[in-house]
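Q: Chains as they are written, first to last, in the numbering used here: chain X, 7 to 325; chain B, 354 to 1289. Take this structure, written in C-alpha cells, and hold onto it; I'll ask about it next.
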C-alpha cells in the first residue's frame, strides 16, 4: 500500500507536464505491476540481512559482469569510523570505468559516507578514522604521502542541494581552473562552453554567463553544479543524491543528463530513488548498514537479483 | 481500523481568553518598549541639537530707554558699571561725573585732575580701568578710574534704603543703591586713584599722545610729545605701606620716532599687550610699528598702510589683550590688525603687521569703537547712528542696532549684556544685549581662522587658557581630524587582524580548539578600555620608543618570516606534512611568528645604521660647524615662506643648506677640528638615529620612502609574478619532484623580495626627486604618545569585536559551499577567500563597521595614550586629540551654558553625526551585499 502511494504520486505530477515524461513513467509502472504480482517471500529467506543486523560479516554478492569490466576504483577492505561508531564495514568493490554506478540502500546505510570517502571529504570531520585501501586508477587514495588537494582535483562532485558559488555562472563553471591559476581567457571560455554544453544548460544560460549563478532555478543551478564538476575533466564524477531537492521535471532533466554524461565519464551516484537508479545507472550496488549486500548490472539487480533481500528492497517491500 | 483505536478525549478547540490577553499585553509592552528606545535615541539627538543650536543663533539687542546727559565739554570716556546702575563720564576738564543710568542724572562730580591742568592726551585700557593722562607741561599721570561696589549687611542698612525693593535702584549720596534679586543692598560709586604727575624726560612740549597698557603682570606706557619724540616706559608701581595711592616709577626709554608732530601728527599711539610693539597711527592709514622687545634699542620695524586707498581711518582701538587693533574707516569698513610672526619677514623682529580680520562694513564712517573687557566682542558706532556688535576672532556680526543720530560713543556693558550708545545730542541709548556665542560661527568652528599672532590662518583648537584676554580657539577641525586619524590607523591594524583571525578559526582550526579559542578572544573585548589605555601609555609607548626601528621592521619582518616558514614547510615530504594536526600547525605558526618578531627587533639597529646614518655635513652642522648662507644663495621658494617648517628645513638640506637657530646656514669647517670632534663625541652626533631622521635633523627622504613603499612594492611584485611568471612556470614545473617544486617556489619568493626591494628603491627615488618627503605626512617627528601606540592599543579593543562577528558570519556559511569548493580541489585558503568570504561579506562588513563605531567613539584609550594634542598631522608618530577625549578632558572646566560648554556639546553632536553617517552608509552597503548573496 505504501509503495503504491510513493510510486504514483510523482507519476501524476509528471503526467500533467510532458509527454516524454509520461511515456517513461508508463513503462515503469508496468514493471512495478508485474513485480506486485509476485507472492511475498518467506521472511526466513532474509538470511543475509539478518546476519548483517546481528553484526556478522557477510561476503557481498557481486555479479561477474562487474568484475569483467575495467575498473576505475578498487575498494579493498575499506572501513570507516565516526569516533567509536563504525559506519563502513569491510567494503570490497570495484567500480567499472566509464559506467554509471548507483549506490542504493536505506537511510544510514553508509552510501553517502562511502561516496565522500572516495574524494576524502570526510577528512574534514575531525573524528573520522579509516582503514583499508581505496585505489583510484591504481593509485592509493589513503596513502600517507597523498596530497588531498591534488587528489580531489581528479574528481568532480555534485551535492544533494545545488550549491553554486556566489559568483557569475561563468566563474562558477571555471572555478576548478581558476583555483589552479588558469588565466588564459581562451582556455577558460572553451572549458566553460564545453562544460555547460555537457551539462545541457548552454542554451539556457549562454546569454547570461556573467550574471550570478544564484539567480537560476533549482534544476538549472544543479546543472551548473554538474557543469562545474565536469569542467575539470574528472576521472570520477561523484553525485550525492543530485535530484532529491528538485521537482519532478527538473529531476527528469538531470536524470537524462546523467545518462548522457555516463557515456563519457565514470559516475558514482548515490540515490534514494530506486526508479532513478534503474533509469540512469549501468551498475547498482545495494548497501545495508555499512556493508555491501549485492552489486551487479542494474537490469539484473532490479529484475533478477541474486538475493531475495535485494528484490524485496528494490520492490520497496522493506527499507 | 477506527474501531480498534480508542476515541481520544474531547479537545477544546477554542483559544482561551487568557491567551488572547497575554498576546495583547505582550504586543503592547513590546510596542511601548520599541517606541521608548526610538524616542530615547531621537531625544538625545534633539537635545544635542537644542544645546548647540544656540551657538549659531545671532545675538539679540533691544532698546530699553533713552536718557539725556547734557554737557558742554568733550567726554574722554564713558563707562557703565557691570550691574548697569551707574555710568562714569570723564570730561576733558578733568571732572568725573557719576551718572545714574536709569535717569541720566548726574549724582556726583569730582575733580580727578585739577582744573588748571590742561589734558592733552588720554588713554584708557579696555580692562581694569587703567588710565593715563598727558598734559601740556610734558607730564603724565597714571591711575585707575573704576567702580567701587560694596554690599551692605542688613543690620547696617541706612534707614532710607530699607524700603528699596529687589531690582529697584535709588540715589544715595554719591552712590547708587540697588537691591539685588537676592535682597542684598549694593552701593556703587566711582573709585578714583590717580598718582602724582611724572615729568617725562624725553623730548619737549606737550604730551601729544599716550597709551597705557596694564595687566596683572606688566605695565607699559608709550608717549609721543609735541616735538615728535617718543618714549617707551616700563611702569613700576610702589605700593606705600601707609596706604593710599601707589607711587609710580617709570623706566623710560626714548626712541627716535619718525614723526612730524606739527605738520603731520599721528592720531593714535598704542603699546601692545605683550609690550613688544609701539604703534603709531595716522588718519591717512599710515602705521609705524616700532619693535620694543628690546627697550634699549627700539627701532622702526616697518611702516604699513592700513587704510584702503582713498579712505581715512576714523577710529582705532585695542581689543582685549591689547595685541589686536580694531580700526574703522570713513566708509564703514572695519578691520583687525596684529603683528603676526613671519620667520622670513624682512623686518628685524620677524613680524608683520597684517590685516587678519575683515569684518562686515556698516556703510557709514566709524566714529567710535567700544571693546568688551571679557572677550573679543566689540561694538562699532557710525556717524549715522548705526552700531554693530561684532566679534574679532570669528569676524561675526553679532547684531546691529540704530540710535537714529550720529554716535559719539559706542560701548558694551562690562558683562556684554548691553550696549550703551551716546549720540552727538548727548543722549544716552541703553540697549539690552544677548550676544549669545559670538566666538562660535560655522566659519570659526569649521574653517580656518587667523588667530592673534599666528603667521597665517589655521585650524586650531585651544579652548582654555590662563585668562579671558587669551583668544578662545574653538575650531573643531583638528578634533574631527584626530577622531578620523585614530579610527583609520586603528582600522588599518584591526581589520586585517580581525578578519584573518576569523578566517583562521572558522576555516582552518578544528572545532575543538576553536571552541576554546573563540571565547578567550571575546574575553579581550571585555577588557576595560582604561586598563588598555594605561598599559598603552605606561608600557607600550616607552617600548615603542626604545625599540622603534625593530618594531617598524617587524611590520614587514613578521609577514616575511611567516611566508618564509610556509615556503620551507613545502620541503617537508607530504607524508610528514599530512601527520601535522591542526593544533601542531598552530603551535608551529606561533613559533615562527615569535622567531620572526624576535629577529626583526634584533636586526632593527642594523636597519637603523643602514638607512639613518647622518652624512658628514649633517654631523658637521649639528656639531656647530656652519656659517650664515648669503641671501642670494637661498632658493627662490624660501623667499616666499612666512615660516620655516621642518619640511622646509629638509628641502633646504637637499640643496646643501641648513636652518639653525633661526637662520639659513651652510656647513663650514672641518670634521677633524678638535672643537667639533668634542661636540660630536659629547652628543653622539655621528650615531645612526631614526628619531633624529624623523625630526628632520639628518638624512634625506629616500630611506623613509624606501621603507614605506617596500610592502606596497612587494604586493605589486607578487601580483605581477602570479600573473605573468606563474603561467610560464606552470608549463614546466610538473617536471620537478615535490622537493624541486618547493625549491622553485622558494626561489621565486626570494626573487620577489629582491625585486620588491629594487622597485621600492626606484619608487623612493622618484618620490624624492619630485620633492616629496614622508616626514611631511605619515612619518613625522617622534612623539612618545603617538598614533601608532593608540592604533595598537585600540586594536586590542576592536579586534575581538571584528573577530567575533566576522567569525560568526563565516561559520554560518553553509557547509555545502565549502564542500563544493574543497571537492573541486580548492585549498582551504582558496575556499575561504573565494567562496566563504564573499558569501559572508555582509556579516564581515558589519563586523568592520561595528569595530569602526567602537574605534570612533573610544575615549579612554585615546585619552591616555595620545597626549591629546589637537594637531593636524597624518604622521603615525604624532599625537592627536579626538572629539570624545576632548569632551572627557574639558567638560569639568566648561561653565554651564558658556560657549565652551556648548562647543563640547557640539563635539558630541558631530561625533553622533559622524557615527550616524558611517553606520547609515555601512547599512546601505551591507543591504546591497546581502541582497546579492540572499538567494543562497
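Even glycine gets a Cβ: it sits at the ideal position worked out from N, Cα and C. Note that the structure is a prediction, hence the values are computed from the model and not measured.
Please report whether the beta-carbon of residue 1065/B lies at a distance below 9 Å from any beta-carbon of chain X.
A: No, no contact with chain X.
Q: What are the boundary residues of the beta strand (DSSP E) that includes residue 1011/B?
A: Its beta strand (DSSP E) spans residues 1011-1013.
Q: Taking only beta carbons into account, state which residues of the segment 123-134 of chain X come closer than 8 Å to chain B, listed in chain order.
A: So the list reads 125, 127, 130 and 132, given in the order they occur along the chain.
Q: Taking its Cβ as the centre, do 16 or more other Cβ atoms sit within 10 Å of residue 555/B, making it buried, or is it exposed?
A: The residue in question, residue 555/B, is buried, as its Cβ has 16 or more Cβ neighbours within 10 Å.
Q: Check whether the Cβ of residue 843/B lies closer than 8 Å to any heavy atom of the ligand HEM, and answer yes or no.
A: The model depicted lacks the ligand HEM and carries no ligand whatsoever.
Q: By the DSSP assignment, the beta strand (DSSP E) with residue 741/B in it spans what residues?
A: Run containing residue 741/B: 739-744, per the beta strand (DSSP E) assignment.
Q: Does residue 372/B come within less than 9 Å of chain X when only Cβ atoms are used?
A: No, its Cβ sits nowhere closer than 9 Å to a Cβ of chain X.
Q: Tell me the rounded alpha-carbon separation between residue 1065/B and residue 685/B.
A: In a straight line, the C-alpha of residue 1065/B is about 59 Å away from that of residue 685/B.
Q: State yes or no: is the C-beta of residue 1051/B within less than 9 Å of the C-beta of residue 965/B?
A: Yes, the pair counts as a contact, with Cβ atoms nearer than the cut-off.
Q: Any beta-carbon of chain X closer than 9 Å to the one on residue 1179/B?
A: Closer than 9 Å: yes.
Q: Express the C-alpha separation of residue 1059/B and residue 1122/B in angstroms, rounding to a whole number.
A: Straight-line Cα distance between these residues: approximately 13 Å.
Q: Specify the secondary structure class of residue 829/B as computed by DSSP and reduced to three states.
A: Residue state, collapsed to three classes: coil.
Q: Pick out whichever of 789/B, 1240/B, 1205/B and 1222/B has its Cα sitting closest to the Cα of residue 1270/B.
A: Of the listed residues, the one whose Cα sits closest to residue 1270/B is 1205/B.
Q: Where in the segment 707-769 of chain B do unbroken runs of the beta strand (DSSP E), each at least 3 residues long, occur, reported from the N-terminal end onward?
A: DSSP runs (the beta strand (DSSP E)) wholly in the segment 707-769 of chain B: 719-724, 730-735, 739-744, 750-755 and 760-765.
Q: State the start and end residues of the unbroken beta strand (DSSP E) segment that holds residue 77/X.
A: Note, residue 77/X: beta strand (DSSP E), 77-88.
Q: In angstroms with no decimal places, state the Cα-to-Cα distance between residue 407/B and residue 789/B.
A: For residue 407/B and residue 789/B, the distance between alpha carbons rounds to 7 Å.
Q: Are the C-beta atoms of residue 165/X and some chain B residue less than 9 Å apart?
A: By this cut-off, residue 165/X is an interface position.
Q: With distance defined between alpha-carbon atoms, name the residue in 1055/B, 1057/B, 1104/B and 1095/B nearest to residue 1078/B.
A: Here the closest residue by C-alpha is 1104/B.
Q: If the criterion is Cβ atoms closer than 9 Å, does the pair residue 502/B and residue 520/B meet it?
A: Against a cut-off of 9 Å, the Cβ pair of residue 520/B and residue 502/B comes out as no contact.
Q: Can you list, in chain order, the residues of its chain whose CB lies under 6 Å from that of residue 42/X, leaving out five sequence neighbours each side?
A: Confidence is the limiting factor: at residue 42/X the pLDDT is only 45, short of 50, which leaves the residue's position unreliable and the question unanswerable from this model.
Q: In whole angstroms, what separates the C-alpha of residue 913/B from that of residue 939/B?
A: Residue 913/B and residue 939/B: Cα-Cα distance of roughly 18 Å.
Q: Is the shortest distance between the beta-carbon of residue 1079/B and the beta-carbons of chain X less than 9 Å?
A: Interface residue, yes.
Q: Is residue 229/X close to chain B? Criterion is C-beta to C-beta, closer than 9 Å.
A: No, no contact with chain B.
Q: Flag this pair as touching only if the segment 1173-1185 of chain B and the segment 233-242 of chain X have three or more C-beta atom pairs under 8 Å; answer yes or no.
A: Output reads yes: the segment 233-242 of chain X touches the segment 1173-1185 of chain B.
Q: What residues in the segment 858-880 of chain B bring their beta carbon closer than 9 Å to a beta carbon of chain X?
A: Here the close residues are 863, 864 and 865.
Q: Please report the distance separating the alpha-carbon of residue 727/B from that of residue 795/B.
A: C-alpha separation (whole angstroms): 22 Å.
Q: Within 9 Å of any Cβ in chain X, is that where the Cβ of residue 1199/B sits?
A: No, residue 1199/B does not count as interfacial toward chain X.
Q: Residue 731/B and residue 669/B look like a contact to me (Cβ under 8 Å); what is the Cβ gap, rounded to whole Å?
A: In fact, because the Cβ distance is near 12 Å, the residues do not count as touching under 8 Å.
Q: With H, G and I counted as helix, E and B as strand and the rest as coil, what does DSSP make of residue 133/X?
A: Three-state DSSP puts residue 133/X in coil, outside helix and strand.
Q: From the DSSP output, read off the bridge partner residues of residue 140/X.
A: The partner list for residue 140/X (beta bridge, DSSP) reads 81/X.
Q: Here's the rule: buried if 16 or more other CB atoms are within 10 angstroms of the residue's CB, otherwise exposed. What is residue 367/B?
A: By the 10 Å Cβ count, residue 367/B comes out exposed.
Q: Rounded to whole angstroms, what is the Cα-Cα separation between residue 595/B and residue 510/B?
A: About 30 Å.
Q: Along the chain, where does the beta strand (DSSP E) containing residue 634/B start, and where does it finish?
A: Taken as a continuous stretch (DSSP letters only), the beta strand (DSSP E) holding residue 634/B covers 630-634.
Q: Indicate whether at least one CB of chain B lies closer than 9 Å to the CB of residue 146/X.
A: Not one chain B Cβ lies under 9 Å of residue 146/X.
Q: Using a C-beta to C-beta distance shorter than 8 Å, which residues of chain B count as neighbours of residue 155/X?
A: Residues of chain B passing the Cβ test: 1178, 1179 and 1180.
Q: Using a Cβ cut-off of 7 Å, pull out every chain X residue sitting near residue 1170/B, in sequence order please.
A: Here the neighbours are 169 and 171.
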